[in-house]
Structure formats: structure tokens, C-alpha cells
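Student: Dumping the structure here so I can ask a few things about it.
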Amino acid sequence: MNGKTPGFNVIGQLAALRRYALSLVRNPDEAEDLVHDALVKAYERQSSFRTGASVRNWLMSILHNAHVDRLRQRRSQERRHDAAAELAEASVPANQDHSVRLTQLRNAFFALPEDQREALHLVAIEELSYQEAAETLGIPVGTLMSRVARARQRLRAFEQSGATAPVTHLRLVGGTGDDKQ
Numbered sequence: 521m522n523g524k525t526p527g528f529n530v531i532g533q534l535a536a537l538r539r540y541a542l543s544l545v546r547n548p549d550e551a552e553d554l555v556h557d558a559l560v561k562a563y564e565r566q567s568s569f570r571t572g573a574s575v576r577n578w579l580m581s582i583l584h585n586a587h588v589d590r591l592r593q594r595r596s597q598e599r600r601h602d603a604a605a606e607l608a609e610a611s612v613p614a615n616q617d618h619s620v621r622l623t624q625l626r627n628a629f630f631a632l633p634e635d636q637r638e639a640l641h642l643v644a645i646e647e648l649s650y651q652e653a654a655e656t657l658g659i660p661v662g663t664l665m666s667r668v669a670r671a672r673q674r675l676r677a678f679e680q681s682g683a684t685a686p687v688t689h690l691r692l693v694g695g696t697g698d699d700k701q
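Residue numbers (our numbering): 521 to 701.
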């Protein structure tokens with residue numbers, strides 16, 4: 521990070537770190553803080569970086585560990601996403617079916633258990649290999665594969681059941697909805 525280590529490109533990893541942080545904390549400001557904390561820790565621990573290892577995996581691991589540390593310190597903030605998701609869903613205009621569907625899918629992704637969401641994000645969005653994602657999370661590859669499979673299964677079930685699911689935040693104005701025309 522001091523510019524003396526060849527191939528140590530932290531700047532090139534910022535976008536991936538931001539995306540991963542955003543998927544973990546679901547709040548852009550908090551995600552930026554998490555990336556900042558991870559980069560500070562990486563700078564402080566740059567001597568622990570093994571030459572020839574993947575900078576991306578090393579930084580993702582540090583970011584993941586910083587997130588776990590924050591969760592231990594602030595369990596009460598887990599409810600912030602629910603309030604933000606409800607507000608976002610309520611603000612989507614009724615005639616934008618595509619936007620509504622994307623919001624529903626996003627909510628389904630964030631409704632996944634955290635371990636499944638983390639695993640799916642690293643594999644599907646960050647395009648890490650199973651091995652790289654497992655190393656980032658500090659779990660065996662088989663465990664990662666199970667989490668990804670369960671996450672995909674839940675999202676498939678959402679797609680199958682939610683494709684025709686009504687949007688619950690819309691209400692009928694000017695009638696009871698009981699009368700057939």
C-alpha cells in the first residue's frame with residue numbers, strides 16, 4: 521500500500537469492496553465507512569499480506585472481518601434495512617411494474633439469511649470462485665457451495681411464487697374492490 525509492493529493495487533479493488541460492503545450493510549453511508557475501516561486495517565496490517573497472494577481476496581477478507589466486528593458491536597442496527605426497504609417499496613409508482621419487480625427481488629435478496637446473502641454476493645456479483653469466496657469468508661468450500669445453493673433455491677422459490685404476487689403497498693382508490701364489472 522506504500523507503493524513499494526508490486527501488484528498491490530488497492531485502488532483497483534475499491535469498486536468491488538464498495539459493492540460487497542453495500543450488500544453486507546445495505547446502507548451507502550455505512551458501506552463507505554466499512555470500506556474505510558477495512559482499508560485502514562489493511563494499511564495497518566500490510567505486512568501480513570503474502571507476496572503472490574490475491575490482493576482482492578485479502579481485502580475482501582479484511583472487509584468481511586470488519587463487518588463481523590461491527591455486527592458484534594451494533595446488533596441493534598439490523599432493523600435499519602427493513603425500514604428503508606418499506607419506504608423504498610412505498611415510493612415506487614404503481615405503473616412501473618419493472619421497478620416494483622426489481623424492488624421485490626432486491627428485498628428478497630436482502631431477506632436471505634446473512635450467511636447465504638454473503639456467499640451468493642461474492643460468487644454471483646463479485647464473480648469470485650468458490651475457493652476464493654470460501655477463503656474470504658473463512659469457511660470450507662463445501663459450506664460455501666451449500667449456502668450459495670440454498671440462496672439460489674430461495675430466490676427461485678420467490679420468483680416462482682412472486683411472479684404473480686400482488687404488490688401489497690398499493691390500494692384501490694374510489695371503490696371497495698368487491699364489485700365485479
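Idealized CB from N, CA, C, for every residue including glycine. Values in this document were obtained by computation on a predicted structure and should not be read as measured data.
1) With a 10 Å radius around its C-beta and 16 neighbouring C-beta atoms as the bar for buried, classify residue 638 as buried or exposed.
2) Please state whether the Cβ-Cβ distance between residue 669 and residue 632 is less than 9 angstroms.
3) Does at least one heavy atom of the ligand GDP sit under 8 angstroms from the Cβ of residue 564?
4) Between residue 664 and the rest of its own chain, which residues show a CB-CB distance below 6 angstroms, the 5 nearest in sequence each way excluded?
5) Please name the residue in 625, 636, 541, 591 whose C-alpha comes closest to that of residue 662.
6) Rounded to whole angstroms, what is the Cα-Cα separation between residue 563 and residue 582?
7) State buried or exposed for residue 533, treating a residue as buried only when at least 16 other CB atoms are found within 10 Å of its CB.
8) Can you look up residue 652 in the DSSP assignment and give me helix, strand or coil?
9) Does the Cβ-Cβ distance between residue 569 and residue 625 come in under 9 angstroms?
10) My output table needs one value for residue 659: the three-state DSSP class, helix, strand or coil.
11) Give me the residue from 538, 588, 634 with the minimum Cα distance to residue 576.
12) Quick check on residue 532: does DSSP put it in helix, strand or coil?
13) Got a sec? Which residues, its chain only, sit under 6 angstroms from residue 667 by beta carbon, not counting five neighbours each side?
14) Return the chain-ordered list of same chain residues with a C-beta closer than 7 angstroms to the C-beta of residue 541, the five sequence neighbours on each side being excluded.
15) Cβ of residue 648 within 9 angstroms of Cβ of residue 580?
Tutor: So, to answer that:
1) Buried.
2) Not closer than 9 angstroms, so no.
3) Of the ligands one can find in the structure shown there are none, so the ligand GDP has no counterpart to examine.
4) 639, 650, 653, 654
5) 636
6) 11 angstroms
7) By the beta-carbon neighbour count (other beta carbons within 10 angstroms, threshold 16), residue 533 is buried.
8) helix
9) no
10) coil
11) 538
12) helix
13) Counting only residues of its own chain and dropping the five nearest sequence neighbours on each side, residue 667 has a CB closer than 6 angstroms to the CB of 635, 636, 639.
14) 551, 554, 555, 583
15) yes
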